[in-house]
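A.B. asks: Numbered according to our numbering, the sequence shown spans residues 9 to 724. Here it is, the structure, as structure tokens.
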Amino acid sequence: MPGPRPPPASRAPNSRRTSTASSASQGKATRSGALPGSPGAVQVFDDEGKNVTPLPLFQPDPNAAVPRTHGSSISTTKSGLDETEPQQDPALSLSAVQQEGEAALTEAELEQRVEIVLSETATLRMLDLPSALLSTEAEQAHRLLERNRIYEEICKAKIGSEYFEEKMVQTFCGAAKTKEVQCESITMAEKGMMVTSWDLDNSLPASGAEPAETEEPKTPAGKSSKSPTAAEHSQAVAAPSATESAAPARSHEEQECHSRAILTSAKLQQDLVVMERILMENIFQPKLAVYRQIPVLIEPVVTSDTEVEEDEEDEDEEEKDEEEQEETADPDQSPAEGAGPRLEQLWSYRCDLTRAHSVSSMAWNRVNPDLLAVGYREFVSRDQKKGLACCWSLKNPMWPERIFRCEHGVTAVDFSLASPNLLAVGMANGRVAIYDVRSREDAALLDSSASLNKHKGPVWQLRWVEQDRGPTAGDKEERLMCISGDGRMTQWFIQQRLDCSDVMKFKRTESGKKNLPGERERKSEGPISQQAAGMCFDFHPEDTDVFLAGTEEGHIYCCSCSGKEQILGTYRGHKGPVYKVTWNPSSTEMFLSCSADWSILLWHRDCHTPLLTFTSVTAFVHDIKWAPKSALVFAAVNEKRVEIWDLSVSIFHPVLSCAASPEGNLSSLLFARNAECLLLGDSCGQVGVWQLHSLAVPSTDQVGSLRDIVAPAGAV
């Protein structure tokens with residue numbers, strides 16, 4: 009367009025640049041040109057031939073004078089789309105302005121700056137969709153809330169109203185549609201898994217978000233990708249590697265400390281003990297029920313008719329096998345066994361710790377009848393090894409509740425009656441120790457190592473005995489009595505330390521054999537030791553001042569703890585060491601003794617020669633015990649067999665004789681206190697619990713019958 013170039017327009021600081029509010033400006037121009045009679049005018053027509061030329065923003069009033077000062081502002085006061093004013097031909101108005109400007113403006117005025125202010129035109133809305141949501145801060149918020157409240161009241165009022173009829177026209181909600189869904193039947197299954205502390209620790213880092221690995225950008229061949237420099241790359245890699253290496257190290261240490269704290273916590277150990285006892289009771293429930301003489305729980309098994317028939321056939325076969333086994337029984341058993349007791353093993357107290365040890369002694373707790381103390385010793389090539397003192401409970405037959413490790417073999421154990429938590433232990437080196445079973449520590453509560461009067465030989469037997477302290481009836485004191493291989497019977501006092509005093513010293517006696525007529529008198533050779541080794545003792549059940557003591561010489565002494573004459577009588581009958589002596593609990597004037605000379609002797613207190621001699625096999629008799637519920641029944645163990653003798657049935661043969669330990673030799677026995685069971689200890693470190701069936705029932709005339717049986721035998 010010819011003419012001088014207008015100066016650049018400057019924008020006002022608060023003005024905004026907009027486009028012309030005309031739909032024709034967005035159309036496509038197809039033809040342009042100048043109308044005749046109006047040089048320089050440009051018109052735009054669309055494809056249909058309509059004039060879509062943009063209207064000018066400024067339409068000056070031809071009657072008004074236009075100021076021509078520097079910096080004057082020209083504003084558009086009327087829009088080209090104003091429908092109230094008559095529209096003029098845009099070509100004519102534009103040409104008129106141009107002609108007027110060319111005639112009125114000079115070159116100096118054209119060089120001056122002109123400020124043009126652009127303002128936004130009115131907004132035309134073709135479609136208005138109001139929003140369903142409104143801010144609580146808006147002006148119309150209170151009105152909308154009021155409408156919602158009214159609507160809620162109407163909804164509540166229509167329920168139960170007599171003016172409301174349930175019809176489709178008056179309901180706010182649409183009609184309900186019946187829908188049916190068909191799917192597969194739902195199956196449920198229970199699944200479980202074992203989770204360790206390691207799995208729990210690993211689940212924590214696995215649940216967290218792991219950092220994504222950075223990948224190198226892949227670029228097509230022939231194109232270079234922008235990569236960091238070598239220094240930047242080394243810094244970017246070095247920093248994460250240091251932190252990543254430190255974090256796993258700290259986490260690993262924290263996990264180890266956390267796991268160690270969990271495993272060593274007292275709560276976990278207590279829970280494990282409870283869980284272990286529950287499992288043991290489930291496993292040994294039938295055996296424990298028989299031991300406690302309660303019904304055995306049998307789970308019902310649902311089987312079909314064919315399975316029931318098969319089970320009946322199996323039961324018939326088992327009954328036939330049992331009959332055959334009874335017919336082919338051990339020929340060594342006595343013929344009177346069918347009418348006497350029989351043994352059935354329930355379980356054994358044993359573990360890997362007690363293997364290769366020999367059971368030396370057993371003792372029940374005086375208050376808790378389910379707690380058993382067992383002493384273990386080990387002899388290999390005549391060398392005394394370390395021993396054990398274990399406390400077993402019926403709640404866990406597979407592992408002892410307490411384990412006390414001793415430097416030497418344990419030869420005797422016994423629980424206190426006044427303090428049931430105290431366990432006295434005698435050892436092969438003469439040491440006497442007292443342990444507290446309530447403590448889980450292995451250290452002894454009291455020890456005789458510091459005593460100046462301690463034993464020099466093995467402590468073969470010890471027992472807590474109640475003795476009278478004065479003339480007052482019922483004033484008794486419990487004391488610990490021990491007999492040792494150094495020939496001493498001692499009484500121990502529990503004070504700040506463990507100390508003892510001698511009750512009796514056993515001296516060797518010369519042989520009472522007389523020389524025949526004409527035989528020269530032999531010179532008596534002096535013994536190596538003047539003391540006779542003590543092997544066993546037993547206090548009278550009624551008189552606690554009188555006790556029996558067996559020695560290595562084979563003699564049995566009846567002694568008194570008080571009085572001038574300590575030895576009341578001497579019983580000679582054994583040709584070997586006396587291993588055990590025991591009073592009859594019912595007939596308190598009778599007692600039994602067993603020895604290494606393969607014999608068991610029955611004595612009367614007033615008779616210094618044995619009344620009866622029981623011998624069945626040529627083997628050492630290590631232990632004997634009277635039955636707690638019968639005055640005529642006693643049990644004895646030799647190296648290979650256990651024997652049950654019933655004097656009312658026979659005084660020549662035992663009513664039961666069987667091998668109860670095929671692996672090792674039997675060493676000790678003990679009757680159960682609250683059950684008809686017999687405990688047998690052997691040289692393999694196990695204590696078998698055997699059910700004793702058909703044991704003789706105690707009666708009031710058994711004491712008299714025992715005297716009737718013994719009297720003719722003693723007369724013979």
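Beta carbons: idealized from backbone N, C-alpha and C, even for Gly.
Going by DSSP in three states, T590 sits in which element: helix, strand or coil?
C.D. replies: Counting from 1 along the sequence shown, the entry for residue 590 is found at position 582. Three-state result, T590: strand.
A.B. asks: May I have a chain-ordered list of the alpha helix (DSSP H) segments no shorter than 4 residues that lie completely inside the stretch 636 to 716?
C.D. replies: Complete alpha helix (DSSP H) runs here, min 4: none at all.
A.B. asks: Under the criterion of a Cβ to heavy atom distance below 7 Å, does N437 qualify as lining the ligand MG?
C.D. replies: Here there are no bound small molecules, and the ligand MG is not part of this structure.
A.B. asks: Classify V445 as buried or exposed, calling it buried when 16 or more other Cβ atoms lie within 10 Å of its own Cβ.
C.D. replies: Start at 1 with the first residue of the sequence shown, and residue 445 comes out as number 437. It counts as buried.
A.B. asks: Suppose you measure from the CA of L361 to the CA of Q694; what does that come to, to the nearest Å?
C.D. replies: For the purposes of this step, residue 361 is taken as the residue at position 353 of the sequence shown. For the purposes of this step, residue 694 is taken as the residue at position 686 of the sequence shown. When rounded, the distance between both Cα atoms is 10 Å.
A.B. asks: Considering M283, what are the terminal residues of the alpha helix (DSSP H) in which it resides?
C.D. replies: For the purposes of this step, residue 283 is taken as the residue at position 275 of the sequence shown. Where M283 is concerned, the enclosing alpha helix (DSSP H) stretches over 274 to 291.
A.B. asks: Counting pairs of beta carbons, one from the stretch 407 to 417 and one from the stretch 380 to 387, are three or more of them closer than 8 Å?
C.D. replies: Touching, yes.
A.B. asks: Which whole-angstrom value describes the C-beta separation of W611 and C544, a residue pair presumed to lie in contact below a C-beta threshold of 8 Å?
C.D. replies: Here residue 611 is taken as the residue at index 603 of the sequence shown, counted from 1. Here residue 544 is taken as the residue at index 536 of the sequence shown, counted from 1. At roughly 14 Å, the Cβ-Cβ gap does not stay under 8 Å, so W611 and C544 are not in contact.
A.B. asks: Should R350 and H616 be called a contact, given that it needs their Cβ atoms to be closer than 8 Å?
C.D. replies: Your numbering for residue 350 matches position 342 in the sequence shown. Your numbering for residue 616 matches position 608 in the sequence shown. No; because the gap between Cβ atoms is not below 8 Å, this pair is not in contact.
A.B. asks: Can you list the alpha helix (DSSP H) stretches of 4 or more residues lying completely in the stretch 389 to 420, in chain order?
C.D. replies: none
A.B. asks: Using DSSP's beta-bridge definition, name the partner residues of H612.
C.D. replies: By 1-based counting over the sequence shown, the position of residue 612 is 604. Bridge partners of H612: M598, C615.
A.B. asks: Skipping 5 residues on each side, what residues in its chain have a beta carbon closer than 6 Å to that of D90?
C.D. replies: For the purposes of this step, residue 90 is taken as the residue at position 82 of the sequence shown. In this prediction, D90 has a pLDDT of 42, which is less than 50 and means its spatial position is unreliable; nothing more can be read from the coordinates.
A.B. asks: Pop quiz: S459 and D507 are said to be a contact at Cβ under 8 Å. What is the actual Cβ separation, rounded to whole angstroms?
C.D. replies: What you label residue 459 is simply residue 451 of the sequence shown in a count that begins at 1. What you label residue 507 is simply residue 499 of the sequence shown in a count that begins at 1. 5 Å between Cβ atoms; contact.
A.B. asks: Starting from H630, trace the alpha helix (DSSP H) both ways and give me its first and last residue.
C.D. replies: On the sequence shown, residue 630 is found 622 positions in, with the first residue counted as 1. Premise fails: H630 lies in the beta strand (DSSP E), 629 to 634, not in any alpha helix (DSSP H).
A.B. asks: Counting beta carbon pairs with one atom in the stretch 670 to 681 and one in the stretch 652 to 660, are three or more of them shorter than 8 Å?
C.D. replies: No, the stretch 652 to 660 does not touch the stretch 670 to 681.
A.B. asks: On the DSSP letters alone, give me the boundaries of the beta strand (DSSP E) that C508 sits inside.
C.D. replies: Your numbering for residue 508 matches position 500 in the sequence shown. Looking at the DSSP string, the run of the beta strand (DSSP E) that includes C508 is 506 to 513.
A.B. asks: Looking at C-beta atoms only, is the number of pairs between the stretch 411 to 430 and the stretch 294 to 308 that lie closer than 8 Å three or more?
C.D. replies: Flag = no, the stretch 411 to 430 and the stretch 294 to 308 do not touch.
A.B. asks: Beta-carbon separation of P549 and T498 under 8 Å?
C.D. replies: In the sequence shown, residue 549 corresponds to position 541, counting from 1. In the sequence shown, residue 498 corresponds to position 490, counting from 1. No, the Cβ-Cβ distance between P549 and T498 is not below 8 Å.
A.B. asks: Helix or strand or just coil, what does DSSP make of S447?
C.D. replies: Taking the sequence shown and counting its residues from 1, one reaches residue 447 at position 439. Coil, per DSSP.
A.B. asks: Alpha carbons only, please: which of E284, D209, L305 is nearest the one belonging to E264?
C.D. replies: Locating residue 264 in the sequence shown gives position 256, counting from the first residue. The shortest Cα separation from E264 among E284, D209, L305 belongs to D209.
A.B. asks: Taking the C-alpha atoms as reference points, what is the distance between E261 and D207?
C.D. replies: Locating residue 261 in the sequence shown gives position 253, counting from the first residue. Locating residue 207 in the sequence shown gives position 199, counting from the first residue. When rounded, the separation of the alpha-carbon atoms in E261 and D207 is 16 Å.
A.B. asks: Please classify H563: does DSSP put it in a helix, a strand, or coil?
C.D. replies: Position 555 of the sequence shown, counted from the first residue, corresponds to residue 563. Three-state DSSP puts H563 in a strand.
A.B. asks: Where do the ends of the alpha helix (DSSP H) carrying L118 lie?
C.D. replies: Taking the sequence shown and counting its residues from 1, the one referred to as residue 118 is at position 110. Residue range 115 to 119 is occupied by the alpha helix (DSSP H) that includes L118.
A.B. asks: Expressed to the nearest angstrom, what Euclidean distance is found between the alpha-carbon atoms of E289 and L687?
C.D. replies: For the purposes of this step, residue 289 is taken as the residue at position 281 of the sequence shown. For the purposes of this step, residue 687 is taken as the residue at position 679 of the sequence shown. For E289 and L687, the distance between alpha carbons rounds to 20 Å.
A.B. asks: So what's V473 in DSSP terms, helix, strand or just coil?
C.D. replies: On the sequence shown, residue 473 is found 465 positions in, with the first residue counted as 1. In this structure, V473 counts as strand in the three-state DSSP scheme.
A.B. asks: Pick out whichever of K637, I286, L430 has its Cα sitting closest to the Cα of K403.
C.D. replies: One-based indexing of the sequence shown puts residue 403 at position 395. Closest option to K403, Cα to Cα, is I286.
A.B. asks: Leaving out five residues before and five after S267 in sequence, what residues of the same chain have Cβ atoms less than 8 Å from its Cβ?
C.D. replies: Position 259 of the sequence shown, counted from the start, is the residue given in the question as residue 267. Cβ within range, chain order: S205, W206, D209.
A.B. asks: Relative to the alpha-carbon of E485, which residue among M370, E474, P64, G495 has its alpha-carbon at the smallest distance?
C.D. replies: In the sequence shown, counting from the first residue as 1, residue 485 sits at position 477. The shortest Cα separation from E485 among M370, E474, P64, G495 belongs to E474.
A.B. asks: Inspect the beta-carbon positions of N592 and A639 and report whether they are closer than 8 Å.
C.D. replies: For the purposes of this step, residue 592 is taken as residue 584 along the sequence shown, with counting starting at 1. For the purposes of this step, residue 639 is taken as residue 631 along the sequence shown, with counting starting at 1. Going by C-beta atoms, N592 is nearer than 8 Å to A639.
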